Amino acid sequence: MHTTPLDDLVACPQCDTLHIASALPENARAHCQRCGIVLMTSQPAAMAQILSLALTAFIMMIAAVSFPFLTLDAGGLHNATSVIDAVLAFNDGFAFPLAVAVAFFIIVIPLIRLSALIYALGPLVREQKPRQGARQAFGLAERLRPWSMAEIFIVGVTVALIKVAGLAVVTIGPAFWAFAGVVVITVLKDQLICRYSIWEALDKATA
Amino acid sequence: MITARDAGLVACQQCGQVHPLHAQVCKRCEGRLQSRDTESLQKVWAWLIAGMIAYIPANIYPMLLTSTLVERSESTIIGGVVELFEHGSWGIATIVFVASVMIPVGKFIAIMYLAISVQRHSSQNRHGRHKAYEVVEFIGRWSMIDVFVVAILSALVQLDTIATVNPGVAAISFALSVIFTMLSAQAFDSRLIWDADRTQQ
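From first to last, the protein sequence lines stand for chains A and B.
When we follow our numbering, the leftmost residue of the first sequence carries the number 7, and every step to the right adds one.
When we follow our numbering, the leftmost residue of the second sequence carries the number 5, and every step to the right adds one.
Structure below.
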């Protein structure tokens with residue numbers, strides 16, 4: 007019933023409308039004819055940029071986790087916290103499950119996403135065959151996207167700083183800026199990801 | 005315009021690859037293929053109801069337990085917003101109010117509207133409903149702001165007798181409410197919005 011080969015068809019993931027894929031001019035976007043979402047973009051250099059941004063974010067994330075994040079001074083008492091402290095400093099029953107969830111949302115899931123992307127895209131940028139499990143890794147990175155909440159955490163920190171301002175003097179440490187850097191880089195990186203192009207690239211590299 | 009289903013095909017939602025209708029697993033990304041998620045609405049309602057139930061204790065019980073040299077106080081979500089207003093931090097109070105009250109409640113209403121309109125096979129305002137779905141998916145996570153605020157405050161403000169801050173039960177139930185509604189929105193199969201006119205024919 008169809009004359010076009012299946013591999014040349016693209017269905018919109020959100021409304022199921024069929025389109026025939028064709029090569030896009032550089033830096034163009036293709037939208038779904040019916041619901042209007044972006045189906046694919048063409049940025050020839052995107053793959054290398056995504057990989058370098060992911061590597062940068064990974065290194066900055068390690069800095070963000072290890073350096074002091076915030077320091078608090080009040081009435082002669084001093085309390086310095088790294089992000090890890092901030093997450094794991096619990097001292098009663100309710101704080102524990104909360105701490106685990108927060109640790110996942112702001113550190114563990116972002117790190118899994120970055121590692122999976124680096125693992126899946128690394129060989130593609132060097133024009134080698136994809137690693138074993140590269141597809142699963144990329145699929146995982148995309149599925150975890152809504153659960154990676156570093157940018158929301160930064161807004162939360164800002165609100166917390168203002169709430170605590172009357173109570174004590176808070177100094178922002180280097181890890182805060184590293185974390186803010188991770189957020190900006192992650193946003194830039196996710197803007198560049200065109201799922202369709204990456205799946206195609208994975209296909210071509212395997213063949 | 006025809007859909008993959010009308011053409012006797014099934015599309016992978018993860019990578020866009022198109023397969024013959026009977027295919028079960030995507031040949032490209034190994035994702036599970038489903039032309040339409042027939043249990044979508046069941047899952048949407050189940051997670052949504054769980055999210056709404058968890059939102060009740062989140063508003064009744066205290067979010068934050070603060071004790072200083074002079075007093076011990078407990079504040080709920082709304083209480084925290086009111087306090088910020090009284091301190092004159094209008095901007096921050098607005099952010100917290102939007103993230104903790106307007107977004108969750110708006111999301112409950114939006115998801116109910118989407119689910120009911122699909123159940124009624126409505127073919128009205130499909131672009132608007134699709135937009136609503138995209139907004140719900142995008143904005144839901146931002147409700148977590150208040151949970152992070154509580155987590156940071158209770159880690160940072162541990163100054164023995166001078167001041168300590170601890171999370172209350174509401175922090176947990178609010179976090180659960182946000183997680184449940186995120187799962188509800190993810191379970192919604194947006195292709196159902198666009199199917200309505202066909203199913204009625």
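Virtual Cβ for every residue (Gly too), placed ideally from N, Cα, C.
Bear in mind the structure is a predicted one, so any value in this text is a computation, not a measurement.
The count of Cβ pairs closer than 8 Å, one atom from the stretch 175-184 of chain A and one from the stretch 72-79 of chain A, reaches three, so the stretches are in contact.
Residues of the same chain with a CB within less than 8 Å of the CB of residue 166(B), apart from the 5 flanking positions on each side, are 72, 73 in chain order. Listed along chain B are 159, each with a C-beta nearer than 8 Å to that of residue 91(A). When only Cα atoms are considered, residue 11(B) and residue 45(A) end up about 19 Å apart. By the criterion of a C-beta distance shorter than 8 Å, residue 44(B) is surrounded in its chain by 191, 192, 193, 196, once the five residues flanking it on both sides are discounted. Between the alpha carbons of residue 8(B) and residue 23(A) lies a gap of roughly 6 Å. Boundaries of the beta strand (DSSP E) around residue 47(A): 44-47.
CA-to-CA, the gap between residue 21(B) and residue 48(A) works out to about 18 Å. Between the stretch 155-165 of chain B and the stretch 161-174 of chain A, the count of Cβ pairs shorter than 8 Å is three or higher; the stretches touch. Counting along the chain, residue 114(A) sits inside no beta strand (DSSP E), nor does DSSP assign it H or E at all.
In this structure, the straight-line span from the alpha carbon of residue 53(A) to that of residue 59(A) is close to 10 Å. Annotation for residue 149(A): the continuous alpha helix (DSSP H) segment containing it runs 140-149.
Relative to the Cα of residue 120(A), the nearest Cα in the group 62(A), 83(A), 91(A) belongs to 62(A).
Three or more pairs of CB atoms, one per stretch, sit closer than 8 Å, so the stretch 82-97 of chain A contacts the stretch 108-123 of chain A.
Beta-bridge partners assigned by DSSP to residue 162(B): 168(B).
Of all residues in the stretch 6-21 of chain B, those with a C-beta nearer than 9 Å to a C-beta of chain A are 6, 7, 8, 9, 10, 11, 12, 13, 14, 15, 16, 17, 18, 19, 20, 21, reading in chain order. Less than 8 Å divides the Cβ of residue 185(A) from the Cβ of residue 70(A). Of the candidates 174(B), 151(B), 156(B), the residue whose Cα lies closest to the Cα of residue 58(B) is 174(B). Residue 185(B) and residue 111(B) have their C-alpha atoms roughly 8 Å apart.
Residue 145(B) counts as buried, since at least 16 other C-beta atoms from the protein chains shown sit within 10 angstroms of its C-beta.
Put simply, the backbone Cα of residue 166(A) is about 32 Å away from that of residue 198(A). In chain order, 118, 121, 197 place their CB closer than 7 Å to the CB of residue 133(B), counting only its own chain and leaving out the 5 sequence neighbours on each side. For residue 202(A) and residue 210(A), the gap between their C-alpha atoms comes out near 12 Å. Classified as buried, residue 32(B) has 16 or more neighbouring CB atoms from the shown chains inside 10 Å of its CB.
By the criterion of a C-beta distance shorter than 7 Å, residue 157(B) is surrounded in its chain by 68, 169, once the five residues flanking it on both sides are discounted.
The beta carbon of residue 43(A) is closer than 6 Å to those of 20 in its chain, skipping five residues each way along the sequence. Proximity of chain B to residue 142(A) at the Cβ level (cut-off 9 Å) is accounted for by 33, 34, in chain order.
Annotated as distal: residue 196(A) and residue 149(A), with beta-carbon spacing of 8 Å or more.
The residue among 83(A), 157(A), 138(A) with its C-alpha nearest the C-alpha of residue 67(A) is 157(A).
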